[in-house]
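These notes are about the structure you will find just below.
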Amino acid sequence: MSGAGDMIEELSLMKQLKDAGVFKLGSFILQSGQITPIYIDLRVLFTSPKELKLTAKCICSLMETRGLKYDYIVGVPYAALPLSTIIADQLEKPMLLRRKEVKSYGTKKLIEGNYETGKRALVIEDVVTSGKSILETVISLRNEGLICDEAICVLDREQGGPENLLAEGVTLYSLVGMNKVLDFLIDIGTITPKKKDDILYQLTLPPPSTIEKVEYNDDWSLTSRRDSTSNALNKKLLEIMNKVSICFYSLHLFTFRDLVLDMGTYTWRKLADIGYTVNLQLTKGPFKIASWAQIVSIHAFSGQSVLNILRKVVNQPESKLIGCLLVVEMSSEGAFTNSKEYLNAALDLAKNNRDIVSGFTCQKRCANIPGFLYWTAGVHMDAIGDGIGQNWRTIENAISIDGNDIVIVGRAVTGVADVNTQIRRYRDAAWESFINRQQNH
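All letters in the sequence shown, in the order written, are residues 493 to 933 by the working numbering.
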């Protein structure tokens with residue numbers, strides 16, 4: 493934005509965004525894994541219609557000032573959709589919807605809406621860091637024959653987004669940049685100039701590298717992994733997975749009052765204690781976990797002694813327990829398990845106990861070892877969080893991008909009226925993401 497009038501409008505916008513709680517100071521983790529001392533939460537505008545309309549008005553003004561040419565408005569899913577809808581309404585322009593993943597029902601389209609190839613699409617985003625989300629949308633639009641070489645956002649975090657997009661033939665325009673936001677916060681006494689310098693320095697730091705780079709080859713096919721693994725449980729699981737099926741039921745057992753068990757089950761217990769206590773949890777008490785569960789999750793920080801106990805329980809004649817998953821990452825915000833030291837120790841523990849360690853519960857595939865299975869929670873196709881520390885991402889992200897094999901779905905299924913339809917929906921989406929991963933790598 494430029495000019496005296498634009499500067500006044502820009503200042504008014506930042507004041508209203510501040511009052512709405514958009515600018516958050518503290519310690520936050522971005523999608524890239526980078527830790528940031530400032531978070532721009534434009535989702536709060538969903539419940540602040542006045543501020544949302546002002547933001548849309550400012551973007552419309554910027555579009556006019558820059559003389560942008562477009563036939564369709566397209567919001568980056570999903571945070572930018574409300575903003576894009578208002579912009580399209582104010583400009584009386586048609587809007588297209590890009591899905592994050594193709595549905596297994598209906599029209600099965602990635603781009604929803606009526607459009608003509610050769611026409612121009614303008615992408616709208618709320619906050620830009622690396623520009624990755626915009627580029628994903630641009631590629632989807634270009635694949636449909638649309639021209640897409642310009643995008644506009646509310647805030648540019650000034651962490652390489654415009655440069656990355658320009659390298660792909662996309663020019664990015666923004667209402668405000670991070671420096672202007674920090675200067676505004678200095679002017680109103682929220683931060684000091686030194687704090688601004690500290691924030692800008694932290695924004696230059698690379699994301700922590702706690703997970704190995706995922707590499708794919710033919711050995712990652714389900715059939716190859718089934719034939720080569722020495723773990724009996726994984727042979728069974730991979731056989732089931734190859735049939736496009738639900739491979740296990742996961743139970744938070746201690747949330748049930750009455751339960752009759754007659755199924756292959758996995759208890760989401762996350763055992764974390766000394767060997768003696770874990771033995772009691774598995775074999776004694778009201779639940780006698782080993783008498784019905786085939787697999788349990790265990791926190792790796794309990795060490796080798798717990799796996800020694802687990803092996804003894806597995807070998808008992810009356811035990812149905814076959815193995816365990818090691819918890820190496822959690823989807824809850826700020827979890828202490830998500831560190832490089834913990835991950836490396838957990839991997840060593842797993843490698844030394846392959847007969848009973850089936851794999852891991854993790855956010856991203858944590859090792860390039862096809863003999864293990866990589867389970868992940870924190871998956872939801874219709875929400876991004878629950879407001880009390882739980883973070884969710886899509887099945888496409890969990891499998892295609894993060895490299896996991898099995899998604900663990902909880903409230904996304906149990907919280908709907910038609911559970912059977914929802915289960916099939918998630919099963920089909922998971923299989924489709926897995927096939928896409930195999931084809932693209």
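Using N, Cα and C, we set each Cβ at its ideal position, and we do this for glycine too.
Because the structure is a prediction, the values reported are computed rather than measured.
Item to complete: Would you give the residue range spanned by the alpha helix (DSSP H) that Tyr531 belongs to?
Response: One-based indexing of the sequence shown puts residue 531 at position 39. Element bounds for Tyr531: not the alpha helix (DSSP H) but the beta strand (DSSP E), 527-532.
Worksheet item: For the stretch 582-669, which segments carrying the beta strand (DSSP E) assignment without a break, of at least 3 residues, lie completely within its bounds, in sequence order?
Response: 587-590, 613-620, 642-648, 663-669
Practice prompt. Determine the extent of the beta strand (DSSP E) in which Ser850 is found, giving its start and end residues.
Written response: As a working note, residue 850 is residue 358 in the sequence shown. Residues 849-853.
Item to complete: Look at the alpha carbon of Glu888 and the alpha carbon of Ala572, and state the distance between them as a whole number of angstroms.
Response: For this step, residue 888 is matched to residue 396 along the sequence shown. For this step, residue 572 is matched to residue 80 along the sequence shown. In a straight line, the C-alpha of Glu888 is about 19 Å away from that of Ala572.
Item to complete: Measure from the alpha carbon of Ser939 to the alpha carbon of each residue in Gln651, Val536, Val820, Lys545, then state which is nearest.
Response: This structure leaves residue 939 out entirely; the chain is present only between 493 and 933.
Worksheet item: By how many angstroms is the C-alpha of Lys843 removed from the C-alpha of Phe779?
Response: Taking the first residue of the sequence shown as position 1, residue 779 is located at position 287. Taking the first residue of the sequence shown as position 1, residue 843 is located at position 351. Approximately 30 Å between the Cα atoms of the pair.
Practice prompt. Decide if Ser666 is buried, meaning its Cβ has at least 16 other Cβ atoms within 10 Å, or exposed.
Written response: Indexing the sequence shown from 1 puts residue 666 at position 174. So Ser666 counts as buried.
Worksheet item: Whose CA, out of Gln930, His872, Leu583, Val566, lies closest to the CA of Cys550?
Response: If you number the sequence shown from 1, residue 550 lands on position 58. Among Gln930, His872, Leu583, Val566, the Cα nearest to that of Cys550 belongs to Leu583.
Worksheet entry | Start-end ranges of the beta strand (DSSP E) lying completely within the stretch 531-572, minimum 3 residues | 564-567
Discussion item. Using the three-state DSSP reduction, which class does Trp867 fall into: helix, strand or coil?
Written reply: Looking up residue 867 in the sequence shown gives position 375. Looking at Trp867 - three-state DSSP - the assignment turns out to be strand.
Worksheet entry | Where Ser811 sits in the DSSP three-state scheme | Translated into positions along the sequence shown, residue 811 becomes position 319. Residue state, collapsed to three classes: coil.
Worksheet item: When every heavy atom of the ligand SAH is checked, does at least one fall within less than 6 Å of the C-beta of Val620?
Response: No copy of the ligand SAH occurs in the structure displayed, which carries no ligand at all.
Worksheet item: Got a sec? Which residues, its chain only, sit under 7 Å from Ala921 by beta carbon, not counting five neighbours each side?
Response: In the sequence shown, counting from the first residue as 1, residue 921 sits at position 429. These residues qualify, in order along the chain: Glu593, Ser596, Met873, Ile887.
Worksheet item: CB-CB under 8 Å to Glu650, same chain, minus the five flanking residues each way: which ones, in chain order?
Response: For the purposes of this step, residue 650 is taken as the residue at position 158 of the sequence shown. The answer, listed in chain order, is Gly669, Met670, Asn671, Leu695.
Practice prompt. Return the first residue and the last residue of the beta strand (DSSP E) that Ser789 is part of.
Written response: As a position in the sequence shown, residue 789 is number 297, starting the count at 1. Here the beta strand (DSSP E) through Ser789 covers 787-791.
Practice prompt. Using a threshold of 7 Å, state whether the C-beta atoms of Arg634 and Tyr562 are closer than that.
Written response: As a working note, residue 634 is residue 142 in the sequence shown. As a working note, residue 562 is residue 70 in the sequence shown. No.
Discussion item. Distance check for Ala904 and Ile781, CA to CA, integer angstroms please.
Written reply: Numbered from its first residue, the sequence shown carries residue 781 at position 289. Numbered from its first residue, the sequence shown carries residue 904 at position 412. So the alpha carbons of these two residues sit roughly 25 Å apart.
Discussion item. Let me confirm a value: Tyr918 is counted as buried when at least 16 other C-beta atoms fall within 10 Å, else exposed. Which label applies?
Written reply: Along the sequence shown, read from residue 1 onward, the residue named residue 918 stands at position 426. When all chains shown are included, Tyr918 counts as buried.
Discussion item. Taking 8 Å as the limit between beta carbons, can you name the residues of its chain near Arg591, skipping five residues before and five after?
Written reply: For the purposes of this step, residue 591 is taken as residue 99 along the sequence shown, with counting starting at 1. The residues are Pro569, Lys601, Leu602, Ile603, Glu604.
Fill in: Of the listed residues Val806, Leu799, Thr629, Ile893, nearest to Trp784 (C-alpha basis)
In the sequence shown, the residue the question calls residue 784 occupies position 292. Among Val806, Leu799, Thr629, Ile893, the Cα nearest to that of Trp784 belongs to Val806.
Practice prompt. Pull up the distance between the alpha-carbon of Ile891 and that of Trp884, whole angstroms please.
Written response: As a working mapping, residue 891 is identified with position 399 in the sequence shown. As a working mapping, residue 884 is identified with position 392 in the sequence shown. When rounded, the distance between both Cα atoms is 13 Å.
Fill in: DSSP beta-bridge partners of Lys516
Counted from its first residue, the sequence shown places residue 516 at position 24. Partner(s): Tyr531.
Practice prompt. Determine, using beta carbons only, whether Trp621 and Gly653 come nearer to each other than 7 Å.
Written response: Position 129 of the sequence shown, counted from the start, is the residue given in the question as residue 621. Position 161 of the sequence shown, counted from the start, is the residue given in the question as residue 653. According to the sequence shown, residue 621 is Thr rather than Trp. In this structure, Gly653 lies closer than 7 Å to Thr621 by Cβ.
Practice prompt. Please check the pair Pro574 and Phe538, which I expect to be a contact at CB under 8 Å, by giving their CB distance rounded to whole angstroms.
Written response: Start at 1 with the first residue of the sequence shown, and residue 574 comes out as number 82. Start at 1 with the first residue of the sequence shown, and residue 538 comes out as number 46. With 8 Å as the limit, Pro574 and Phe538 qualify as a contact, their Cβ atoms being about 6 Å apart.
Worksheet entry | Beta-carbon gap between Val798 and Val770 smaller than 7 Å | For the purposes of this step, residue 798 is taken as residue 306 along the sequence shown, with counting starting at 1. For the purposes of this step, residue 770 is taken as residue 278 along the sequence shown, with counting starting at 1. Going by C-beta atoms, Val798 is nearer than 7 Å to Val770.
Worksheet item: What is the DSSP secondary structure of Asn723, counted as helix, strand or coil?
Response: As a first step, residue 723 is located in the sequence shown; it is residue number 231 there, counting from the start. Three-state DSSP puts Asn723 in coil, outside helix and strand.
Worksheet item: If you compare alpha carbons, which of Ile530, Thr868, Val615, Ser811 is closest to Ser560?
Response: Here residue 560 is taken as the residue at index 68 of the sequence shown, counted from 1. Contrary to the premise, residue 560 reads as Leu rather than Ser in this sequence. Of the candidates Ile530, Thr868, Val615, Ser811, the one whose C-alpha sits nearest the C-alpha of Leu560 is Val615.
Discussion item. Considering Cα atoms alone, identify which of Leu865, Leu841, Pro586 is closest to Cys854.
Written reply: Walking along the sequence shown from the start, residue 854 turns up at place 362. With distances taken between Cα atoms, Cys854 lies closest to Leu865.
Discussion item. Just to check my reading of the structure: Arg849 and Gly902 have Cβ atoms closer than 8 Å, yes? What is that Cβ distance to the nearest angstrom?
Written reply: Against the sequence shown, residue 849 aligns to sequence position 357. Against the sequence shown, residue 902 aligns to sequence position 410. For the record, residue 849 in the displayed sequence is Val; it is not Arg. No, Val849 and Gly902 are not in contact; Cβ-Cβ is about 23 Å, not under 8 Å.
Discussion item. In the DSSP output, what is Val901 paired with across the bridge?
Written reply: Here the question's residue 901 lines up with position 409 in the sequence shown. Val901 pairs with nothing; no bridge assigned.
Discussion item. Which residue wins for smallest C-alpha separation from Ile565, given the options Arg558, Glu556, Leu554, Thr577?
Written reply: The residue you call residue 565 lines up with position 73 of the sequence shown. Here the closest residue by C-alpha is Thr577.
Worksheet item: Mapping DSSP to helix, strand and coil, what is Arg885?
Response: Here residue 885 is taken as the residue at index 393 of the sequence shown, counted from 1. Strand at Arg885.
Worksheet item: Taking the alpha-carbon positions, what's the Tyr708 to Ile790 distance?
Response: As a working note, residue 708 is residue 216 in the sequence shown. As a working note, residue 790 is residue 298 in the sequence shown. Its pLDDT being 43, under 50, Tyr708 is placed unreliably by the model, and the measurement read from it follows with that caveat. Each residue's alpha carbon lies about 27 Å from the other.
Fill in: Helix, strand or coil at Val820 according to DSSP, with G and I counted as helix
The sequence position of residue 820 within the sequence shown is 328, counting from 1. It is coil, neither helix nor strand.
Worksheet entry | Cβ-Cβ separation, Asp641 to Gly610 (assumed contact under 8 Å), whole Å | In the sequence shown, counting from the first residue as 1, residue 610 sits at position 118. In the sequence shown, counting from the first residue as 1, residue 641 sits at position 149. Rounded, the Cβ-Cβ distance is 13 Å, inconsistent with contact.
Fill in: Val871 beta carbon less than 7 Å from that of Val911
On the sequence shown, residue 911 is found 419 positions in, with the first residue counted as 1. On the sequence shown, residue 871 is found 379 positions in, with the first residue counted as 1. Against a cut-off of 7 Å, the Cβ pair of Val871 and Val911 comes out as no contact.
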